[in-house]
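Trainee: In the working numbering, the protein residues as written are 1 to 124.
Even for Gly, the Cβ is constructed at its ideal location relative to N, Cα and C.
Since the model is a prediction, treat every value here as computed from it, not as a measurement.
1. Helix, strand or coil, according to DSSP, for residue 107 in the structure here?
2. Within 10 Å of its beta-carbon, does residue 107 have 16 or more other beta-carbons around it, so buried, or fewer, so exposed?
3. Rounded to the nearest angstrom, what separates residue 95 and residue 42 at their Cα positions?
4. In or out: residue 118 buried (at least 16 other Cβ within 10 Å) or exposed?
5. CA-CA distance, residue 109 and residue 99?
6. By the DSSP assignment, the beta strand (DSSP E) with residue 93 in it spans what residues?
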């Protein structure tokens, strides 16, 4: 299973992230290529990727202050409101990602798939 610490499939608050987006595209295609390769070699290895959005804790604890430092918003409260407006279900918790990991790990017929965990942000 390919693991990424932070991923977004959406364009947030003016952050221009060409390098990050290119890397994410690479992870998505690498997941599919590795899944097919492992399946064809009959190793019994499944390759999937999990793409979480901002979650509370870790990186999520610094994203609000980073937005203020970048001059995108005047204060952290505005930054939090801006991010929450992109997530119909609000920001996630680490446990939300853990449940997705458990699902992917237990789904024996899942291979080459991407599980997006973003509270509905990419559906907008």
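Mentor: The structure says:
1. Walking along the chain shown from the start, residue 107 turns up at place 107. Coil at residue 107, not helix or strand.
2. On the chain shown, position 107 is the one that residue 107 refers to. Result: exposed.
3. Residue numbering aside, residue 95 sits at position 95 when the chain shown is read from its first letter. Residue numbering aside, residue 42 sits at position 42 when the chain shown is read from its first letter. Their backbone Cα atoms lie some 33 Å apart in a straight line.
4. Counting from one through the chain shown, the residue named residue 118 turns up at place 118. Looking at its Cβ environment, which holds 16 or more other Cβ atoms inside 10 Å, residue 118 is buried.
5. Counting from 1 along the chain shown, the entry for residue 109 is found at position 109. Counting from 1 along the chain shown, the entry for residue 99 is found at position 99. Each residue's Cα considered, the two are about 18 Å apart.
6. To locate residue 93, count along the chain shown from 1; it is residue 93. Taken as a continuous stretch (DSSP letters only), residue 93 belongs to no beta strand (DSSP E), as it is neither H nor E.
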